[in-house]
Amino acid sequence: MVGAGACRMVEPGDSLDRGHMRRDASPDLAPETPAPAGPPYTSPTGRLVGLDLARGLAILGMYSAHVGPDPSVGGALGWAMEAARGRSATLFAVLAGFTLVILTGRPRPRTGRAGRQAVGKVLIRSFSLIALGYVLTSLDTHVLVILSYYGVLFLLALPLYRLRAAALVAIAATSALVMPHVLYLLRAAVDDGSWSDTLIAHDPLARATDSDGIVELFVTGAYPVLTYLPYIVTGMAVARLDLRRPGVVGRVGLLGGVLAVSGYGGSWLALRLVPGALEGVREASATGTAASAWWSDAVGANPVPGMPAWLLVAAPHSQTTLSVVANTGVALAVVAACLIGTGRSARLRWVATPVSAVGSIALTVYAGHIVAIDALGTGDLPDSAALPVLLSFAAAAMLFAVVWTRCFRRGPLEYLLHVLTMPARLIP
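Per our numbering, the sequence shown starts with residue 3, numbered consecutively.
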């Protein structure tokens, strides 16, 4: 591990603001916040280390989904691979809510000129992420790139940035209840009609990106905005809490546990208590199995038109209310555990430094692994190579992140985003 004094933390464009080092390094994926008076722990530069750790875990979890062994290998390794699939992306989305609140002002939203400039920064970053997502998608790897969806989520959630935690919780809960059913009906309508083809044909985004454009982002894609909106709003709600108050983070973790048990347990019960539900899901499943549909993607990821029993599934990619509830619970529990653990244990902070470093330059290491997959052709390797490839990717990301963050305040892509948002400072 590189010593803390090996490089001086420098970067072009750093400036002093009222006696504090200005630190708005890629709030889209690695936000900064002023150091609170008490726990959770912040680094000397003001980073919430627990959030960096959670974000690093999300990134490494997505690595496992993209280059790791298939869950069918079984055993502890198979369980770990299954646990990471889907849940890493939703953890990423919940953390996006923290990012948005930190960027627009925390604990109080910025107002006046500062507020308008913050909104301008979010808009620029959102469109930049959308563009980067399509660039990475154009590499034509097997990875379903999340960044374009992520950018759209920022745009949709931005109008909510001034709301208090209670209002945000209400919006998150309502959208978690309603949006999965709306998505189910829309996907059925896409399968049954030609309206989506007409919309795609007239969609400039679809033509420019050689994709299904808006229809894909909101309805048919891997991370449909309709059902990912509750995640980012939940993250915003938690970020609006005073996490320095004793017991607040613990209660967030407890809520996460309750939601996870409710989502997965509710699905397990419903599939067995509702007449014909388990058999219906089994018949419609891509794999012919439904026993693990209450928690595993083995059942498949796409809802089956004309099969309402699918709405009782809680598989992480199933886009149902129960899956949104369960995924949100897991994300909150992970965030709370990371905040509490790094706040109480210096040893944990030290041991977790490589993962936290990954989280602090998440955009760079996320984009980098997709470029590496394309350059190395890992998708063509035999299944037996999956675990060594995953370990190599994770080790390379952690080593790069540790070395880079010892020398620079922002990752390469984080700094590029920072430069792109500079014009927002001119907003009167």
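Beta carbons are placed, not taken as given, at the ideal position from N, Cα and C, and that holds for glycine. In this text, all values refer to a predicted model and were calculated from it rather than measured experimentally.
Going by C-alpha distance, which of Ser74, Ser198 and Leu155 is nearest threonine 229?
-> Leu155
Where leucine 392 falls: helix, strand or coil (DSSP) = helix
Measure the alpha-carbon distance for alanine 262 versus leucine 245 and round it to whole angstroms.
-> 21 Å
Around the C-beta of arginine 164, are 16 or more other C-beta atoms found within 10 angstroms, so that it is buried, or is it exposed?
-> exposed
Assumed close pair leucine 334, leucine 257 - CB separation to whole angstroms, cut-off 8 Å = 6 Å
Leucine 383 versus alanine 377: straight-line alpha-carbon distance, rounded | 13 Å
Neighbourhood of alanine 426 by C-beta, 7 Å cutoff - its chain only, sequence neighbours within 5 removed | Gln119, Gly122, Lys123 and Ile126
So proline 73 and glycine 80 are in contact, right, with Cβ under 8 Å, and what is the actual spacing, rounded?
-> 5 Å
Within 10 angstroms of the Cβ of valine 254, are there 16 or more other Cβ atoms? Answer buried if so, exposed if not.
-> buried
Report the partner residues of threonine 44 according to the DSSP bridge assignment.
-> Leu50
Expected contact under 8 Å - CB spacing of glycine 114 and alanine 241 to nearest Å | Wrong, their Cβ atoms sit about 21 Å apart, outside the cutoff.
Relative to the alpha-carbon of tyrosine 152, which residue among Leu162, Ala167, Leu141 and Leu131 has its alpha-carbon at the smallest distance?
-> Leu131
Using three-state DSSP, classify glutamine 119 as helix, strand or coil.
-> helix
So glycine 361 packs on alanine 56, CB below 8 Å; how close in whole Å?
-> 7 Å
Inspect the beta-carbon positions of glycine 70 and alanine 388 and report whether they are closer than 8 Å.
-> yes
Distance between valine 301 and alanine 317 (C-alpha atoms, nearest Å) = 7 Å
How many angstroms separate the CA atom of valine 336 from the CA atom of glycine 195?
-> 41 Å
Option in Gly117, Ile342 and Val276 with minimal Cα separation from leucine 313 = Val276
Report, in whole angstroms, the separation of the C-beta atoms of isoleucine 342 and glycine 252, which I expect to be a contact under 8 Å.
-> 7 Å
Close Cβ partners of leucine 350 (< 8 Å) along its chain, the five nearest in sequence each way excluded | Gly343 and Thr344
Kindly indicate which residue of Thr291, Leu158 and Thr330 has the alpha-carbon position closest to the one of phenylalanine 129.
-> Leu158
Work out the CA separation of isoleucine 216 and valine 373 for me, nearest whole Å.
-> 25 Å
Going by alpha carbons, who is nearest to alanine 168 out of Phe220, Val235 and Asp214?
-> Val235
CA nearest to the CA of proline 182, picked from Leu418, Ser347, Val327 and Leu419 = Val327
Whose C-alpha, out of Pro111, Ser358 and Ala399, is nearest the C-alpha of leucine 243?
-> Pro111
Assign serine 347 to one of two classes, buried (16 or more other C-beta atoms within 10 Å of its C-beta) or exposed (fewer than that).
-> exposed
Pick from Tyr65, Leu273, Leu162 and Leu428 that is closest to leucine 146, judged by C-alpha positions | Tyr65
In angstroms, rounded to a whole number, what distance separates the CA positions of valine 405 and valine 51?
-> 17 Å
Taking buried to mean at least 16 other C-beta atoms within 10 Å of its own C-beta, is leucine 431 buried or exposed?
-> Since the first residue of the chain shown is 3 and the last is 430, residue 431 is not available in this structure.
Would a C-beta distance cut-off of 8 Å place glycine 88 and aspartate 385 closer than the cut-off?
-> no
Can the beta-carbon of valine 367 be found closer than 8 Å to that of alanine 399?
-> yes
Among Ser198, Pro109, Gly135 and Ser213, which residue has its Cα nearest to the Cα of arginine 431?
-> No answer is possible for residue 431: the residues shown for the chain start at 3 and end at 430.
Contact set for alanine 86: own chain, Cβ-Cβ below 7 Å, skip 5 residues either direction | Gly63, Ser66 and Ala67
Among Ala210, Arg189, Asp214 and Leu187, the one whose alpha carbon lies nearest that of threonine 200 = Asp214
Helix, strand or coil at asparagine 329 according to DSSP, with G and I counted as helix = helix
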